[in-house]
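Only one structure is covered here, and it is reproduced in the block below.
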Amino acid sequence: MNAKSFLVSGIAGGIADFLLGWLLYGMLFRDYFGGPDPDMMLTGLGCLMFGMLISYVFVRWANLVTFSSGLMAGAVIGFIVEVMGNSFYYSMQNPVDYKKFAIDVLIVTVMGAIVGGIVAAVNGAISKPQT
2 MNAKSFLVSG IAGGIADFLL GWLLYGMLFR DYFGGPDPDM MLTGLGCLMF
52 GMLISYVFVR WANLVTFSSG LMAGAVIGFI VEVMGNSFYY SMQNPVDYKK
102 FAIDVLIVTV MGAIVGGIVA AVNGAISKPQ T
């Protein structure tokens, strides 16, 4: 595995995830999801780990190196991770707000697609043979 590609594309993905989260959750859907302001250190760590997860899969196993190839794979990973996380989170809520559950999954699927595209594109740029 190319450690440089893993680290750089993972960090790029984490930054993209953080910025997309700020735009979507912090600005566009802030009133809908509500709640107190998040702990930004933990938010940043979570975003970085999501970028690293996608980067590890792409660099180690899938060898995805184009934005378009990363787009679909990132969407699938985002969807699976968010359905899993929301299932645990909402299982403790009474009553369950299934509309919020679904909207949250949709948002993270879109975010995962964009993060996946960025991770794959950065991986491709780093992995290109030097001429």
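Heads up: the sequence shown at position 60 corresponds to 61 in this note's numbering, and the numbers run straight through without jumps. Heads up, the beta-carbon is just placed ideally off N, CA and C, and yes, glycines get one too.
**Asked** Do you know how far the Cα of L65 is from the Cα of G71?
**Response** Rounded to whole angstroms, G71 to L65 spans 6 Å at the Cα level.
### Query
Terminal residues of the continuous alpha helix (DSSP H) containing L72?
F68 to Y91
task: Rank A121, F7 and G45 by C-alpha distance to the C-alpha of F68 and give the top, closest one.
output: Checked all of A121, F7 and G45; the closest Cα to F68 is A121.
Pull up the distance between the alpha-carbon of V109 and that of Y99, whole angstroms please.
Distance between the alpha carbons of V109 and Y99: 15 Å.
Q.
Taking its Cβ as the centre, do 16 or more other Cβ atoms sit within 10 Å of S56, making it buried, or is it exposed?
A. buried
query: Using 8 Å as the threshold, is the region 71–87 in touch with the region 33–44, meaning 3 or more CB pairs across them?
result: As far as the Cβ criterion goes, the region 71–87 does not touch the region 33–44, which means the pair count is below three.
### Query
How would you call A13, buried or exposed, if buried means at least 16 neighbouring beta carbons within 10 angstroms?
buried
Kindly indicate which residue of D105, G52 and F19 has the alpha-carbon position closest to the one of M85. Out of D105, G52 and F19, D105 has the C-alpha closest to the C-alpha of M85.
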